[in-house]
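S.K.:
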Amino acid sequence: MSFIRIAHRFLASQKWVTALLVASFSGSSLLLVAVNQTVESIDRAFSDRVSSTPLIIGRRGSRFDLVLHSIYFRNPASQSIPYGELQIAAAADSGLCVPLLFTHETSIHHSPIIATTDAYFIARKLAVAIGSMPKRLGQCVIGASVSDTSNIQIGDFLQPQPKSAFDVTSPVPIELEVVGILNRTNGPDDMAVITTLETGWILTGTGHGHISGDNGTRTNNTDGDSHIPETPITRITDENINSFHFHGDEKEYPLSAILIFPKDLQAQTVLEGKYLDDNNPLQAIIPEHVIQEVLESVYRVESVLSVVSILSLAFVVLMLVVLTVLSIRLRKQEIETLHMIGCNRSTTIKLVGCETTLILLYSAITMAVGYILLWSSGVLTASYWI
């Protein structure tokens, strides 16, 4: 115990050198561990999600953006695709076709509002832990994380807002009634609010309702712009639900993307071939291939950072050895005094060993604290980066 006390007091007297060594050791080690942990988390999150989604149909453009907004609900599509594409795919009996419409988020927690059909719950194997699935206009279910991070309960109402802050043309959105809370999936669905596709179309202005006696600006019900309600309805009830209706050709109703779960490889190949033409405004992508390209870049970055971390750690070890040797030389008189009062060479070695051990111990504690802080802040999880 006396060796540890003496070593501790010596390190305390050299606080700046000690702090530099501890910071260097812990920082280099933490960087190495954090990079590996984060890459593993991203790899796991990407692989699990995309492997269960064989094909995505969306507007031609960035394939990675299409994957992000259709699978991870980030950065909604700047352009929509027509609902008619879903009808064509479904009529061809290609497999399970899932429409997605993502244009709004909740006003308080900024959770993405995803409009879809029952097919999405089947494809993702989603079930409610409490309550029921949305069955009518204006109803929604929330993910487990949305429930955990808020006081939202079944029966409460959520206020949607356009995802884009520059979208000033959107109609006044209707409030969404929470009718269920989904089981936890440890994926993007935990942070989402899911509603019916028809409700999504009402949010985009494709449909609307009228208060009794309000015929709107005109009475021509064949043109959606010709009879905009003078008093917009902001909450759907049993009394006004029958007044809601849609305008225009259903085939032109907007979707953000279509998830396709082909019944077999032949059906998938046929669908892919249909969208190979560069002149086609739509594209069909295999998300697993897109994510694999992204992960290859991530792995290259990880390799560089790992090499930097290892080199930094090696430099710190070398610096510790040099400082230890210099310290012994500078403390030559102190060591001779120890020998004169009866301490042998092994005692000197034990003192230096205790000092080195304490530096490593302090570094380990600092690294552990840093790791806990990073983990609790979510920086090491995939959801922070995607």
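Per my numbering, the very first residue in the sequence shown carries number -1; after that it's consecutive.
The beta-carbon is built from N, C-alpha and C at its ideal position, and this holds for glycine as well.
Only a predicted model underlies this, so the values are computations on that prediction, with no experimental measurement involved.
1. Which term fits Ser24, buried or exposed, when burial requires 16 or more other beta carbons within 10 angstroms of its beta carbon?
2. Flag this pair as yes or no: are the beta carbons of Tyr118 and Lys249 separated by less than 8 Å?
3. Please confirm whether Met189 and Val144 have their CB atoms less than 8 Å apart.
4. Excluding the 5 residues flanking Gly368 on each side, which residues of the same chain have their C-beta closer than 6 Å to its C-beta?
5. So what's Thr379 in DSSP terms, helix, strand or just coil?
6. Helix, strand or coil, according to DSSP, for Thr193 in the structure here?
7. My output table needs one value for Arg216: the three-state DSSP class, helix, strand or coil.
8. Nearest-angstrom Cα distance between Ile231 and Ser375?
9. Classify Gly136 as buried or exposed, calling it buried when 16 or more other Cβ atoms lie within 10 Å of its own Cβ.
10. Compute the Euclidean distance between the alpha carbons of Gly59 and Ile172, then round it to the nearest angstrom.
11. List the DSSP bridge partners of Phe259.
12. What does a CB cutoff of less than 8 Å around Ile152 pick up in its chain, not counting 5 residues either side in sequence?
13. My understanding is that Tyr273 touches Trp199, with C-beta atoms under 8 Å, so please give their C-beta distance in whole angstroms.
14. Could you check whether Pro158 and Tyr70 sit closer than 8 Å to each other, using their CB atoms as the reference points?
15. Which two residues bound the contiguous beta strand (DSSP E) that contains Glu175?
16. Name the two residues that bound the continuous beta strand (DSSP E) containing Gly129.
17. For my contact list, Ala255 and Ile111 are in at a C-beta cut-off of 8 Å; report their separation, rounded to the angstrom.
18. Checking 8 Å against the spacing of the C-beta atoms, do Val288 and Val96 come in under that value?
19. What is the DSSP secondary structure of Ala282, counted as helix, strand or coil?
20. On the three-state DSSP scale, how would you describe Gln266?
21. Candidates Arg134, Glu103, Val20 and Thr51: which alpha carbon is nearest Arg72's?
22. Taking the alpha carbon of Phe8 as the reference point, which residue from Glu353, Ile370 and Lys133 has its own alpha carbon closest?
23. Can you tell me whether Arg3 is buried or exposed, with buried defined as 16 or more other CB within 10 angstroms of its CB?
24. Under 7 Å Cβ to Cβ from Ser68, same chain only, skipping five residues before and after it: list those, please.
25. Here's the rule I'm using: 16 or more other beta-carbon atoms within 10 Å means buried, otherwise exposed. How should Val314 be labelled?
26. When DSSP labels each residue in this structure, what does Pro110 get in the three-state scheme?
M.R.: Put simply:
1. buried
2. no
3. yes
4. Leu28
5. coil
6. strand
7. Bear in mind that a pLDDT of 47 at Arg216, under 50, signals an unreliable position, so the model cannot answer this.
8. 40 Å
9. buried
10. 31 Å
11. Leu94
12. Ile128, Gly129, Val176, Val177, Gly178 and Ile179
13. Contact doesn't hold; Cβ gap of about 24 Å is too wide.
14. no
15. Leu174 to Leu180
16. Val126 to Gly129
17. Their Cβ separation, rounded to whole angstroms, is 15 Å, which puts Ala255 and Ile111 out of contact at 8 Å.
18. no
19. strand
20. helix
21. Glu103
22. Glu353
23. exposed
24. Ile54, Gly56, Leu98, Ser254, Ala255 and Leu257
25. buried
26. strand
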